[in-house]
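Worksheet: one structure, shown below.
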Amino acid sequence: MKIYILNTGYLETDRNNVEACANVGTYSNPSIQNDWIKLPVMSFLIENNGEYILYDLGSHPDAMKGYWPKNLQEVYPLYQKEEERLENQLALCGVKPEDIKTVVISHMHLDHAGNLHLFEHADIYVSKADFMHAQTQVHLNLDPTTHGGYIKSDLEVPIKQYHLVEEDFEIAPGIEVVNLPGHTPGLLGLVVHLEKDGTFIFPQDCIYTEAIFGPPAKASGLLYDSLNYFKSIEKVRKLKSKYDAKVIFAHDYEFFKTLKTAPEFYE
Ligand SMILES: [Zn+2]
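Position 209 of the sequence shown, counted from 1, bears residue number 502 in this note's numbering, the numbering being contiguous throughout.
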């Protein structure tokens, strides 16, 4: 089994949106910008006996050309080079979107579900709680500034089959899907057991950065349910010690620079 870490560019935002601050649950007020930081946006390609599983889909390449509403372009501008488009990152691994039949999405936010249009043919696994919440948010009214981190067009891509996940399960031998709610009403992490490099845990936005993981765990600037958020971080901590695992933090630029990215891989 191999894991390729795909670099699909980065977002910028105020540090207040990442680490704990006074405006939990809202987007920060641009007038209090004080520390503008980079958030790497990663996808993960797993190759397992000739079959592929893709975990998370990054952001839509036209995000800054009007695909995202203006407020999100201002609060989370995306920087993505041509070679960082998801299909070009997959090409580094010799893979085309149509080769991938199974996709797991941690949650439906704009930096995780943005390339669903490339995977209409696939089986897509999502957290039931997050999927229901996302669909409700984007279809309640026409004002995208009330849709949180969800993009209506992402939610309207016609997909062959969504699979709504409520329980932890093994999606393939050595690859566990684990529920880590809190950042959003539901969120799917992955635990992958590699032969040579050991166990990797991908908590995605359950744990933005190494500093947030602690211990002690810290609140992030955006969270839906703080009780479950902290429970989920402790679940990751238990898994980490059970498997002596490496945790791959979702949006930590300094940490990201220490990782091997495609076409290099872990195995
Ligand atoms: Zn994210």
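Cβ atoms here follow ideal geometry from the backbone N, Cα and C, with glycine treated the same way.
This structure is a prediction, so every number in the text was calculated from the model and none was measured.
Ligand 1 heavy atom lying under 7 Å from the CB of residue i
{"i": "D447", "result": "no"}
{"i": "D404", "result": "yes"}
{"i": "H544", "result": "yes"}
{"i": "D423", "result": "no"}
{"i": "D576", "result": "Residue 576 lies beyond the stretch modelled for the chain, which goes from 294 to 560, so this question has no answer here."}
Delimiting residues of the beta strand (DSSP E) encompassing residue i
{"i": "H486", "result": "L481 to L487"}
{"i": "F412", "result": "Where F412 is concerned, there is no enclosing beta strand (DSSP E), given that its DSSP letter is neither H nor E."}
{"i": "A465", "result": "F462 to A465"}
{"i": "L347", "result": "E344 to Y348"}
{"i": "H456", "result": "Q454 to V458"}
Beta-carbon contacts of residue i that lie in its chain and below 7 Å, excluding the five residues immediately before and after
{"i": "V431", "result": "H440, Y443, K445 and L448"}
{"i": "V334", "result": "T301, G302, Y303, L304, G351, S352 and D404"}
{"i": "K374", "result": "G302"}
{"i": "C386", "result": "Y297, L338, A555 and P556"}
{"i": "V635", "result": "A query on residue 635 cannot be resolved here, the shown segment of the chain reaching from 294 to 560 and no further."}
Cut-off 6 Å between Cβ atoms - residues of its own chain near residue i, not counting five sequence neighbours on either side
{"i": "Y360", "result": "H353"}
{"i": "Y418", "result": "V397, H456 and V458"}
{"i": "R308", "result": "D328 and I330"}
{"i": "F549", "result": "P333"}
{"i": "F462", "result": "V470"}
{"i": "T395", "result": "I346 and D416"}
{"i": "K489", "result": "E560"}
Terminal residues of the alpha helix (DSSP H) in which residue i lies
{"i": "H405", "result": "Looking at the DSSP string, H405 is not in any alpha helix (DSSP H), and its letter there is neither H nor E."}
{"i": "L473", "result": "First-last for L473: undefined, no H or E at that position."}
{"i": "L300", "result": "A small correction: the amino acid at residue 300 is Asn; Leu does not occupy that position in the sequence shown. From DSSP, N300 is part of no alpha helix (DSSP H) but of the beta strand (DSSP E) over K295 to D307."}
{"i": "N341", "result": "Unbroken run through N341 is the beta strand (DSSP E), W329 to N341; no alpha helix (DSSP H)."}
{"i": "L448", "result": "K445 to L448"}
{"i": "S352", "result": "Here S352 belongs to no alpha helix (DSSP H), and DSSP marks it neither H nor E."}
{"i": "S525", "result": "S519 to Y536"}
Cβ-Cβ distance between residue i and residue j below 8 Å
{"i": "V540", "j": "I468", "result": "no"}
{"i": "I505", "j": "E305", "result": "no"}
{"i": "P496", "j": "A543", "result": "yes"}
{"i": "T301", "j": "L379", "result": "yes"}
{"i": "Y303", "j": "Y372", "result": "yes"}
{"i": "K389", "j": "H414", "result": "no"}
{"i": "N578", "j": "G475", "result": "This structure gives no information on residue 578, because the portion of the chain shown stretches from 294 to 560."}
{"i": "M294", "j": "E560", "result": "yes"}
{"i": "L480", "j": "S420", "result": "yes"}
{"i": "Y348", "j": "I393", "result": "no"}
{"i": "S561", "j": "D498", "result": "The question about residue 561 has no answer here: the residues shown for the chain are numbered 294 through 560."}
{"i": "V470", "j": "L487", "result": "no"}
{"i": "Y501", "j": "D545", "result": "yes"}
{"i": "Q428", "j": "L299", "result": "no"}
8 Å Cβ shell around residue i - same chain, five flanking residues per side excluded
{"i": "N521", "result": "P474 and G475"}
Given 8 Å, three or more beta-carbon pairs between the region 338–357 and the region 402–415: At 8 Å Cβ cutoff, the stretches touch.
Validate contact between the region 446–461 and the region 412–424 using beta carbons, cut 8 Å, 3 pairs: Taking 8 Å as the limit for Cβ pairs, the verdict is that the region 412–424 does touch the region 446–461.
Segment contact, 8 Å Cβ cut-off, at least three pairs: the region 545–557 with the region 510–527: Segments in contact, no.
Touching by the beta-carbon criterion (3+ pairs, under 8 Å), the region 361–369 and the region 340–347: No: the two stretches stay apart, fewer than three of their Cβ pairs being nearer than 8 Å.
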